[in-house]
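Visitor: Numbering (this note's numbering), first residue to last: 11 to 410.
This is the structure I have questions about; it appears just below.
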């Protein structure tokens with residue numbers, strides 16, 4: 011009897027193993043087919059785009075109007091940018107804001123990255139001034155003080171749910187800068203804290219919460235804005251640390267984010283002379299972006315600059331130099347150039363003068379299209395998600 015049971019059990023195990031192998035192989039084949047279709051779609055789109063349209067995919071524009079203007083409509087229709095970043099001025103009230111965003115979406119052939127800086131604390135572009143119950147998110151430092159992955163994840167879902175009401179699909183958050191300099195007023199409480207493990211855990215958990223709801227998180231500001239005291243909006247911050255010092259602190263959260271599948275990283279206008287041998291900003295540095303971030307740290311996702319209208323760049327480089335250096339450094343998306351018309355013209359000129367290769371442009375556009383085709387959806391949420399009871403309950407956790 012025991013032998014019969016043993017044989018039956020053995021046979022069942024063999025059958026289960028065979029079935030498991032079959033399902034695994036079937037899943038692999040299905041994934042291969044999906045990847046093949048995706049690559050085919052990307053390559054077909056790439057072939058259909060003109061050089062100017064490819065360059066436009068690498069540009070994220072802004073326009074601080076609360077309603078669609080004829081000028082903005084013409085700009086969107088003519089140049090077909092890859093993305094749009096919203097600011098506080100774009101939000102007057104819920105209905106008009108939604109109308110503006112819907113009209114922006116309708117003007118382009120390829121879906122846009124609709125982005126915003128909605129970090130929490132003092133960096134929140136949509137606030138309660140809009141006639142909707144927007145939840146006021148505390149500074150990230152308060153999440154770091156709680157040191158709860160669950161709470162950070164919940165705040166991430168909260169942020170994303172309210173952004174999806176406005177059709178926004180990308181958030182320039184979380185901040186992975188470590189608040190290592192008490193004199194730093196630029197980052198300060200925007201950071202989760204001065205501990206690399208806490209910043210990593212809280213930032214990645216918050217990002218996962220956003221991803222769960224369909225918002226792409228953008229980790230910032232590599233190679234680390236926490237130890238500086240200068241604001242890159244007005245001048246060039248200098249990081250006076252060695253590569254080893256950065257590896258042992260500032261880069262830990264970014265390395266952890268990469269290992270957790272980061273889709274996008276923002277590179278700041280921050281000079282690291284110990285690495286580059288000059289005051290060249292990281293956003294224009296091949297050594298920092300390609301050699302370190304891509305090759306050494308293994309990041310294969312999209313790289314976006316911080317805003318290109320910041321004085322850390324404009325005081326020291328011409329418009330053409332900024333575009334050429336950034337693209338040659340390994341940047342995929344240029345945030346807020348002088349104007350999309352000027353950027354396309356100057357980048358095209360650089361290509362014609364053999365200062366930028368078509369391979370660089372094509373590779374960036376492939377990555378942009380891949381993220382758009384795999385991560386963007388039209389699963390928007392209705393206004394009942396704004397400041398609802400579950401969101402208020404999450405906020406009450408900060409009072410405990």
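Idealized CB from N, CA, C, for every residue including glycine.
Assign residue 23 to one of two classes, buried (16 or more other C-beta atoms within 10 Å of its C-beta) or exposed (fewer than that).
Guide: Residue 23 sits at position 13 when you count from the first residue of the chain shown. Answer is exposed; the Cβ neighbour count stays below 16.
Visitor: Give the C-beta separation of residue 242 and residue 342 to the nearest angstrom, bearing in mind that I take them to be a contact with Cβ-Cβ under 8 Å.
Guide: Here residue 242 is taken as the residue at index 232 of the chain shown, counted from 1. Here residue 342 is taken as the residue at index 332 of the chain shown, counted from 1. Incorrect: roughly 20 Å between the Cβ atoms, too far for contact.
Visitor: Just to confirm my understanding: we take residue 353, look at its own chain, exclude 5 residues before and 5 after, and list those with CB closer than 7 Å. What are they?
Guide: Here residue 353 corresponds to residue number 343 of the chain shown, with the count starting at 1. Closer than 7 Å at the Cβ level, and outside the excluded window around residue 353, lie 69, 333, 344, 347.
Visitor: Report the rounded CA-to-CA distance for residue 105 versus residue 120, giving the unit in angstroms.
Guide: The count along the chain shown starts at 1 and reaches residue 105 at position 95. The count along the chain shown starts at 1 and reaches residue 120 at position 110. Each residue's alpha carbon lies about 24 Å from the other.
Visitor: Quick check on this structure: which residue in 251, 260, 255 has the alpha carbon closest to the alpha carbon of residue 289?
Guide: Taking the chain shown and counting its residues from 1, one reaches residue 289 at position 279. The candidate whose alpha carbon is nearest that of residue 289 is 251.
Visitor: Alpha carbon to alpha carbon, how far is residue 168 from residue 403? Give it in angstroms, no decimals.
Guide: Indexing the chain shown from 1 puts residue 403 at position 393. Indexing the chain shown from 1 puts residue 168 at position 158. Those two C-alpha atoms are separated by around 11 Å.
Visitor: Where does residue 264 sit, in a helix, a strand or coil, going by DSSP?
Guide: Residue numbering aside, residue 264 sits at position 254 when the chain shown is read from its first letter. It is helical.
Visitor: Does the beta-carbon distance from residue 154 to residue 234 come in below 7 Å?
Guide: As a working note, residue 154 is residue 144 in the chain shown. As a working note, residue 234 is residue 224 in the chain shown. No, Cβ-Cβ distance for residue 154 and residue 234 is not below 7 Å.
Visitor: Using only CA atoms, which one of 285, 360, 373 lies nearest to residue 52?
Guide: Here residue 52 refers to the residue found at position 42 when the chain shown is read from its first residue. Here the closest residue by C-alpha is 373.
Visitor: Relative to the alpha-carbon of residue 322, which residue among 296, 388, 280 has its alpha-carbon at the smallest distance?
Guide: Numbered from its first residue, the chain shown carries residue 322 at position 312. Checked all of 296, 388, 280; the closest Cα to residue 322 is 280.
Visitor: DSSP three-state call for residue 224: helix, strand or coil?
Guide: Sequence index remark: in the chain shown, residue 224 carries index 214 (1-based). Residue state, collapsed to three classes: coil.
Visitor: Rank 136, 382, 366 by C-alpha distance to the C-alpha of residue 92 and give the top, closest one.
Guide: Start at 1 with the first residue of the chain shown, and residue 92 comes out as number 82. Cα-wise, what sits closest to residue 92 is 382.
Visitor: Can you tell me the Cβ-Cβ gap for residue 200 and residue 129, rounded? I've got them flagged as a contact below 8 Å.
Guide: Within the chain shown, the letter at position 190 stands for residue 200. Within the chain shown, the letter at position 119 stands for residue 129. Contact holds; Cβ gap of about 6 Å.
Visitor: Look at residue 367 and residue 339 and say whether their C-beta atoms are less than 7 Å apart.
Guide: Locating residue 367 in the chain shown gives position 357, where the first residue counts as 1. Locating residue 339 in the chain shown gives position 329, where the first residue counts as 1. It is not a contact, given that the beta carbons lie outside the stated cut-off.
Visitor: On the DSSP letters alone, give me the boundaries of the alpha helix (DSSP H) that residue 154 sits inside.
Guide: Counting from 1 along the chain shown, the entry for residue 154 is found at position 144. Looking at the DSSP string, the run of the alpha helix (DSSP H) that includes residue 154 is 150-156.
Visitor: Could you give the C-beta distance for residue 327 and residue 272, rounded to a whole number, given that I count them as a contact under 8 Å?
Guide: Here residue 327 is taken as the residue at index 317 of the chain shown, counted from 1. Here residue 272 is taken as the residue at index 262 of the chain shown, counted from 1. That pair is no contact at about 28 Å.
Visitor: Are the beta-carbon atoms of residue 159 and residue 211 separated by less than 7 Å?
Guide: Position 149 of the chain shown, counting from 1, holds the residue named residue 159. Position 201 of the chain shown, counting from 1, holds the residue named residue 211. Going by C-beta atoms, residue 159 is nearer than 7 Å to residue 211.
Visitor: Return yes when the C-beta of residue 315 is under 6 Å from any heavy atom of the ligand NAD, and no when it is not.
Guide: Within the structure as shown, the ligand NAD is missing, as the structure has no ligands at all.
Visitor: On the premise that residue 123 lies in contact with residue 276, defined as a C-beta separation below 8 Å, what is that separation, rounded to the nearest angstrom?
Guide: Along the chain shown, one-based indexing puts residue 276 at 266. Along the chain shown, one-based indexing puts residue 123 at 113. The Cβ separation is near 13 Å, so there is no contact.
Visitor: Skipping 5 residues on each side, what residues in its chain have a beta carbon closer than 7 Å to that of residue 143?
Guide: Walking along the chain shown from the start, residue 143 turns up at place 133. Cβ within range, chain order: 396, 397.
Visitor: Tell me the rounded alpha-carbon separation between residue 189 and residue 88.
Guide: Taking the first residue of the chain shown as 1, we reach residue 189 at position 179. Taking the first residue of the chain shown as 1, we reach residue 88 at position 78. Their Cα atoms are separated by approximately 43 Å.
Visitor: Write down the C-beta distance between residue 126 and residue 95 rounded to the nearest angstrom, noting that I regard them as a contact closer than 8 Å.
Guide: For the purposes of this step, residue 126 is taken as the residue at position 116 of the chain shown. For the purposes of this step, residue 95 is taken as the residue at position 85 of the chain shown. Indeed they touch by this definition, with Cβ atoms about 7 Å apart.
Visitor: Excluding the 5 residues flanking residue 75 on each side, which residues of the same chain have their C-beta closer than 8 Å to its C-beta?
Guide: If you number the chain shown from 1, residue 75 lands on position 65. These residues qualify, in order along the chain: 82, 99, 100, 110.
Visitor: Compute the Euclidean distance between the alpha carbons of residue 255 and residue 198, then round it to the nearest angstrom.
Guide: As a first step, residue 255 must be located in the chain shown, where it is residue number 245. As a first step, residue 198 must be located in the chain shown, where it is residue number 188. Their backbone Cα atoms lie some 20 Å apart in a straight line.
Visitor: Residue 226 and residue 385 - do their beta-carbons sit closer together than 7 Å?
Guide: Your numbering for residue 385 matches position 375 in the chain shown. Your numbering for residue 226 matches position 216 in the chain shown. Yes; because the gap between Cβ atoms is below 7 Å, this pair is in contact.
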